[in-house]
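Data first, discussion second: the structure below is written as structure tokens.
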């Protein structure tokens, strides 16, 4: 019999609709003004910290909705922004400079929904409010670091092959490493060896034939630039995730820029702290034989440099860098066999080989971890940005007890809090090249709420116009289309809440408005086709059956072309364009489903298989 629903349609349509409704429910719960507290240098968040803040908040008459400790971080929820701001002042006063206190907005999803992975839609900066940064990456620093690595590699290679040399110096201005060798024969041997090791090196010989300049190809320079930018993006994203900022956006812009957006964060100063020190980490051997007094007086031994620890203690270190932090893949804090704090470190394959070679003859010596930070100075560079000043400090030094490999530990740390803090820094990663903030903007939550209200108003009026038109023009069949339109909206919200990485922006809301208008197109095609079949003398059941079957090809053609455009916009667009493309693509898919499958379920259920002389269409 025509127009009888198969069992799968009864299961599929209500099932998907209920699932979408379930995952759309968290969007009905408003976000709580919150305070996110994490440890900075030397600090640690414990249960004692939580109890201390709870007592301080209560003593000041501040009502705390909840104060949760998770993964070494505190999240305090409040009923109002006034209480949130008062609590931040108290937390800053109680905890001091060793903690990061950031204003945020926390989802208020009930536990039973959170248990099944349901969460609100991720809102973009234009809707939720927050801070926006544009970071400039100092690519030249990455190139200089590459030259320094080449310098150390050349020294090791020439020593291993017994090729004599006078000096090997990196020249960042020329972008070369200069090798001064003993004879023309040594120059020939060195060039042959280095060419064998790396085919992308560029060689030039001096007039006296004892000096060799080694540079890198344009292709390698481009690879270094791209690698530095992409690694910085990954590391900054890790740093943001470490301190719990929800739904951050970190993406590339242009040749040497990074956009960082932190939705929900309203304090620009704290957001800068969240980005962390634009720093790198190095491991060097301690020079125990050099005269540290002479180094303090400005006469450091050849091959060594003077550094200072965090407590102001002078430390003499070798200039040779054993390993940089960009080879670290994992770090965790713990205790050694004597219950002393330590940090366990995991390296990638290349880093493990480098450290193994560097530590082979260094057992029994001390190795120091050097924290290098770049901060904008007062001098302005040619590109208009401030010149970055390099600041270095020794965060710890420990004795090497055995030849190191891909897994090793750092000991000699004073407290477990310091070990945990160092592990957090190492997990987040060291920036390949220093960055500085060249643009910052703050979007207040009131502006974001205004955008949301205007967007919801537009969606409401658009839906109301469509609902009235369909009900008047197509009568009962129009009401079926209206039910499908409401179901379509539920599906869109449910999918946006469920899909990882999907973010609703203001242009995305425009995409929903457009989808509302387009969603009934398929129903209009079907209903008009049913009218045509009835006009040609077909029976009611035949008209319904043929109307849906023959309209499907037209519906598929028109929607597939629009879907392809949405995919292209998503692929080549950025920011707001991507937000529009996401909601448009999701809306097209859900509208096809609700129009072709959903309305057919209702039409067959109401009018299918019955002896009728006419249809209210």
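In the working numbering, the protein residues as written are 416 to 1032. Beta carbons: idealized from backbone N, C-alpha and C, even for Gly. If you're wondering where the values come from, they're calculated on a predicted model, not measured in any experiment.
Fill in: Neighbourhood of residue 848 by C-beta, 7 Å cutoff - its chain only, sequence neighbours within 5 removed
Counting only residues of its own chain and dropping the five nearest sequence neighbours on each side, residue 848 has a CB closer than 7 Å to the CB of 552, 553, 554, 556, 557, 643, 647.
Practice prompt. Have a look at residue 564 and residue 663 and give me their C-alpha separation to the nearest angstrom.
Written response: Looking at the backbone, the Cα of residue 564 and that of residue 663 are separated by about 33 Å.
Practice prompt. Take residue 991 and list the residues in its own chain whose beta-carbon comes closer than 6 Å to its own, dropping the five residues that flank it on each side.
Written response: 920, 922.
Discussion item. So the candidates are 536, 1001, 1006, 980; which of them puts its Cα closest to the Cα of residue 970?
Written reply: Selected option, being the one with the closest Cα: 1006.
Item to complete: Output the distance between the C-alpha atoms of residue 590 and residue 749, rounded to the nearest integer angstrom.
Response: Near 43 Å, if we compare the C-alpha coordinates of residue 749 and residue 590.
Worksheet item: In whole angstroms, what is the alpha-carbon distance linking residue 625 and residue 705?
Response: Roughly 32 Å between the two C-alpha positions.
Worksheet item: If you draw a straight line from the alpha carbon of residue 645 to that of residue 667, how long is it in whole angstroms?
Response: Looking at the backbone, the Cα of residue 645 and that of residue 667 are separated by about 8 Å.
Worksheet item: Three-state secondary structure (DSSP) at residue 537?
Response: Reduced to three states, the DSSP call for residue 537 is strand.
Practice prompt. Go through the stretch 483-568 residue by residue and report every complete run of the beta strand (DSSP E) that reaches 3 residues or more, in order.
Written response: Within the stretch 483-568, the complete beta strand (DSSP E) segments of 3 residues or longer fall at 488-493, 514-521, 545-552, listed in chain order.
Discussion item. Measuring CB atoms only, is the stretch 884-898 touching the stretch 926-944, in the sense that at least three cross pairs come out at less than 8 Å?
Written reply: Yes, the stretch 884-898 is in contact with the stretch 926-944.
Worksheet item: Which two residues bound the contiguous alpha helix (DSSP H) that contains residue 429?
Response: DSSP places residue 429 in the uninterrupted alpha helix (DSSP H) bounded by 422-439.
Worksheet item: In chain order, what residues of the same chain lie with their CB nearer than 6 Å to the CB of residue 828, ignoring the 5 residues before and after it?
Response: Hits under 6 Å: 756, 811, 834.
Discussion item. For a test of the three-state rule: what should DSSP assign to residue 776, helix, strand or coil?
Written reply: DSSP, reduced to helix, strand and coil, places residue 776 outside both helices and strands of the structure shown, so it counts as coil.
Worksheet item: In chain order, what residues of the same chain lie with their CB nearer than 8 Å to the CB of residue 780, ignoring the 5 residues before and after it?
Response: So the qualifying residues of the chain are 700, 701, 703, 814, 815.
Worksheet item: Measuring CB to CB, does residue 523 end up less than 8 Å from residue 444?
Response: Their beta carbons are under 8 Å apart, which means residue 523 touches residue 444 by this criterion.
Practice prompt. Report buried or exposed for residue 637, applying the criterion of at least 16 other Cβ atoms within 10 angstroms of its Cβ.
Written response: So residue 637 ends up on the exposed side.
Discussion item. Are there any heavy atoms of the ligand MN lying less than 7 Å away from the beta-carbon of residue 676, as far as the coordinates show?
Written reply: Only the bare structure without any ligand can be found here, which leaves the ligand MN out of the picture.
Worksheet item: For residue 511, is the classification buried or exposed, using 16 other Cβ atoms within 10 angstroms of its Cβ as the cut-off for buried?
Response: Exposed: under 16 other Cβ atoms inside 10 Å.
Worksheet item: If you check the beta carbons only, do residue 784 and residue 818 fall under 8 Å apart?
Response: No.
Fill in: residue 753 classed as buried or exposed, judged by whether at least 16 other C-beta atoms fall within 10 angstroms
In this structure residue 753 is exposed. Its beta-carbon is surrounded by fewer than 16 other beta-carbon atoms within 10 angstroms.
Worksheet item: Would residue 549 pass as a contact of residue 672 if the rule is Cβ separation under 8 Å?
Response: Against a cut-off of 8 Å, the Cβ pair of residue 672 and residue 549 comes out as a contact.
Worksheet item: Would you report the Cα separation of residue 1002 and residue 904, rounded to the nearest angstrom?
Response: Counting only the Cα atoms, residue 904 lies some 8 Å from residue 1002.
Worksheet entry | Outcome for residue 521 when other beta-carbon atoms lying within 10 angstroms are tallied against a minimum of 16 | So residue 521 ends up on the buried side.
Item to complete: Since I believe residue 734 is in contact with residue 745 (beta carbons under 8 Å), could you give me their beta-carbon distance rounded to a whole number of angstroms?
Response: Residue 734 and residue 745 do not touch by the CB rule: their CB atoms are close to 28 Å apart, not below 8 Å.
Practice prompt. Please report how far the alpha carbon of residue 1113 lies from the alpha carbon of residue 698, in whole angstroms.
Written response: Nothing can be reported for residue 1113: it is not among the residues displayed for the chain, which extend from 416 to 1032.
Discussion item. Taking 7 Å as the limit between beta carbons, can you name the residues of its chain near residue 896, skipping five residues before and five after?
Written reply: Result list for residue 896: 885, 889, 935, 938, 1014, in chain order.
Practice prompt. Pick out whichever of 741, 958, 675, 630 has its Cα sitting closest to the Cα of residue 546.
Written response: Ranking 741, 958, 675, 630 by Cα distance to residue 546 puts 675 first.
Worksheet item: Among 525, 534, 477, which residue has its Cα nearest to the Cα of residue 909?
Response: Residue 534 is the option with its Cα nearest to residue 909.
Worksheet item: What do you reckon, are the CB atoms on residue 722 and residue 807 nearer than 8 Å?
Response: It is a contact, given that the beta carbons lie within the stated cut-off.
Fill in: C-beta contact flag for residue 809 and residue 758 at 8 Å
Their beta carbons are not under 8 Å apart, which means residue 809 does not touch residue 758 by this criterion.
Fill in: 6 Å CB neighbourhood of residue 570 in its chain, flanking five on each side removed
Closer than 6 Å at the Cβ level, and outside the excluded window around residue 570, lie 583.
Worksheet entry | Euclidean distance between Cα positions of residue 575 and residue 772 | Their Cα atoms are separated by approximately 12 Å.
Item to complete: May I ask you to report which of helix, strand or coil DSSP gives residue 634?
Response: Helix, per DSSP.
Worksheet item: To which residues of the same chain is residue 777 closer than 7 Å at the C-beta, ignoring the five residues directly before and after it?
Response: The residues 700, 815, in chain order, have a CB closer than 7 Å to that of residue 777 in the same chain once the five nearest residues on each side in sequence are set aside.
Worksheet item: Roughly how far, in whole angstroms, is the beta-carbon of residue 585 from the beta-carbon of residue 562, given that I think they are within contact range, below 8 Å?
Response: The distance from the Cβ of residue 585 to that of residue 562 is about 4 Å, consistent with a contact at the 8 Å cut-off.
Worksheet entry | Residue nearest to residue 477 in terms of C-alpha spacing, selected from 500, 490, 543 | Of the listed residues, the one whose Cα sits closest to residue 477 is 500.
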